[in-house]
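Novice: The structure follows.
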Ligand SMILES: Nc1ncnc2c1ncn2[C@@H]1O[C@H](COP(=O)(O)OP(=O)(O)OP(=O)(O)O)[C@@H](O)[C@H]1O
Ligand SMILES: [Mg+2]
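The structure is reproduced here in structure tokens:
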């Protein structure tokens, strides 16, 4: 791949992160800048206040531009929320010609057959990702073009999303003068950043436990097998600490991050009061008990979302935890005792992406970096086909470009 500047926005419930990277090859990606600002106007992954969301996105884009020295014209945007649904579907076509040679157009026909599922009113196809192909019904092949067979099957993972939720998100981003190039389901992006090819092949569950949602993806046989969004994450833990211990939300959040330990039993001798500011304090044991209960429940919810009760056979490589809440001390140990499977914390570092930025060491940015990795690795474009902004959009974009050139005399995208 030629050197290319790629940008993305991770519109999270607690933070908005805009990232700009220089993609030299699939495994040589330099992060040029990241603009991270607190998120407003979002709840459990969806926009609930357009003005607040627009302001946060705009601030994050500006920060990323100023740090990277690059103008951001278009971005890829992460999508999440309870409105997401997924299923696996098979498309089957005959290879009618005498030579039975599979051509690219046969692949297209098979994919289009797989995509023709019933999509409920108000929903639209977001992704249709080929998982594997089969020739003559049973021979599993990776790339059937050029091979011979009478019948071609394609097994796909289909993801649908609410039209209005996605439109609202796209509208917010566009209002900042940035075009939306593509949309990517967030757990697919996070998986790019934290899973190894061996885990994807053997069977693994990835859980990105953020602020408002826990985004789950299951991989098997090298491809995506299941995706699901659970509307429970770190925010609910903090909220329970605040209610349970009678603390203001921000103090409860600080206490959770600073002293929270999911398995305090392993941390003997620490039973005293903990406190940080404005005279607020709490029992260390009570704080950890609340966090422990919430996280235990969350692991149970993740298991309930599995497509089968035999999740150990489905995912022998276990569970990879990421997202800001994966930073909780002792979380992997608790996961191991609930799931009886290997559990590890996943962070973006080592996925072929580097740069002078701390985000590569923090699980909270798995989705942010994954949005770049997904594009760099030429993974499938979404099925959404985002419409361009029209004449008005182009005009706004032109004005913005002129303003930028005047202010910074920056080069156009260095492609
Ligand atoms: N050290 C820590 N210990 C415990 N929790 C933490 C820590 N650091 C961050 N968190 C929690 O992580 C959550 C934010 O995670 P993240 O940045 O992944 O969410 P987000 O991407 O904004 O939201 P979402 O993906 O749910 O829309 C917050 O609830 C925060 O309290
Ligand atoms: Mg997130």
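Residue numbers (my numbering): 110 to 524.
For glycine and all other residues, C-beta sits at the position ideal for the given N, C-alpha and C.
Computed from a prediction, not measured in an experiment: that's the story for all the values here.
#1: What residues in its chain sit with their C-beta under 6 Å from that of residue 136, if we drop five residues either side in the sequence?
#2: Taking all protein chains shown into account, decide if residue 365 is buried (16 or more other Cβ within 10 angstroms of its Cβ) or exposed.
#3: How close, in whole Å, do the beta carbons of residue 435 and residue 472 come, if the pair is a contact with beta carbons under 8 Å?
#4: Unbroken alpha helix (DSSP H) runs of length 4 or more, entirely within the segment 212 to 293: which are they?
#5: Please report how far the alpha carbon of residue 194 lies from the alpha carbon of residue 229, in whole angstroms.
#6: Using only Cβ atoms and a threshold of 5 Å, which residues come within that distance of a heavy atom of ligand 2? Order them by chain position.
#7: Under a Cβ-count criterion, where at least 16 other Cβ atoms within 10 Å of its own Cβ denotes burial, should residue 53 be classed as buried or exposed?
#8: Quick check on residue 422: buried or exposed, where buried means 16 or more other Cβ atoms within 10 Å of its Cβ?
#9: Three or more C-beta pairs under 8 Å: does that hold for the segment 115 to 124 against the segment 185 to 194?
#10: By the DSSP assignment, the beta strand (DSSP E) with residue 537 in it spans what residues?
#11: Say whether the segment 406 to 420 touches the segment 331 to 347, bearing in mind that this needs 3 or more beta-carbon pairs closer than 8 Å, one atom from each stretch.
#12: Starting from the N-terminal side, write out each stretch of the beta strand (DSSP E) that is 3 residues or longer and does not extend beyond the segment 413 to 454.
#13: Might you give, ordered along the chain, the residues of its own chain that have their beta carbon closer than 6 Å to the beta carbon of residue 127, omitting 5 neighbours on each side?
#14: Keeping to the same chain, check which residues put their C-beta closer than 8 Å to that of residue 273; ignore five residues upstream and five downstream.
#15: Should residue 396 be labelled buried (16 or more other beta-carbon atoms within 10 Å of its own) or exposed?
#16: Using the C-alpha atoms, what's the distance from residue 372 back to residue 439?
#17: Within the same chain, show all residues whose beta-carbon is closer than 7 Å to that of residue 213, passing over the 5 residues directly before and after it, in chain order.
#18: With H, G and I counted as helix, E and B as strand and the rest as coil, what does DSSP make of residue 144?
#19: State the beta-bridge partners of residue 196 as determined by DSSP.
#20: So, with DSSP's three-state summary, where would you put residue 495?
#21: Under 6 Å from any heavy atom of ligand 4, does the C-beta of residue 461 make it?
#22: Using DSSP with H/G/I as helix, E/B as strand and the rest coil, what is residue 309?
#23: So what does DSSP say about residue 113, is it helix, strand or coil?
#24: Count the other C-beta atoms from every protein chain shown that fall within 10 angstroms of the C-beta of residue 369, then say buried if there are 16 or more, exposed otherwise.
#25: Quick one, are the C-beta atoms of residue 302 and residue 482 less than 7 Å apart?
#26: With respect to 6 Å, is the separation between the Cβ of residue 123 and the closest non-hydrogen atom of ligand 1 below this value?
#27: With a 10 Å radius around its C-beta and 16 neighbouring C-beta atoms as the bar for buried, classify residue 457 as buried or exposed.
#28: Express the C-alpha separation of residue 236 and residue 294 in angstroms, rounding to a whole number.
#29: Within 10 Å of its beta-carbon, does residue 432 have 16 or more other beta-carbons around it, so buried, or fewer, so exposed?
#30: Mapping DSSP to helix, strand and coil, what is residue 359?
#31: Checking the sheet assignment: what are the DSSP bridge partners for residue 474?
#32: Alpha carbon to alpha carbon, how far is residue 139 from residue 469?
#33: If you run the structure through DSSP and keep just helix, strand and coil, what is residue 299?
#34: Does DSSP put residue 152 in a helix, in a strand, or in coil?
#35: Could one say the Cβ of residue 193 lies closer than 7 Å to chain D's Cβ atoms, at least one of them?
#36: Locate the beta strand (DSSP E) running through residue 323, then write down its first and last residues.
Specialist: Straight from the coordinates:
#1: 461
#2: buried
#3: 4 Å
#4: 213 to 224 and 272 to 283
#5: 10 Å
#6: 121, 319 and 476
#7: Outside the shown range of the chain (110 to 524) lies residue 53, about which nothing can therefore be said.
#8: exposed
#9: yes
#10: No answer is possible for residue 537: it lies beyond the span of the chain, which begins at 110 and ends at 524.
#11: yes
#12: 428 to 431 and 452 to 454
#13: 118, 144, 169, 170 and 173
#14: 231
#15: buried
#16: 5 Å
#17: 254
#18: strand
#19: 267
#20: coil
#21: This structure lacks ligand 4; the ligands present are ligand 1 and ligand 2.
#22: helix
#23: strand
#24: buried
#25: yes
#26: yes
#27: buried
#28: 8 Å
#29: buried
#30: helix
#31: According to DSSP, residue 474 bridges with nothing at all.
#32: 11 Å
#33: helix
#34: strand
#35: The chain inventory of the structure shown lacks chain D, comprising one protein chain alone.
#36: 323 to 329
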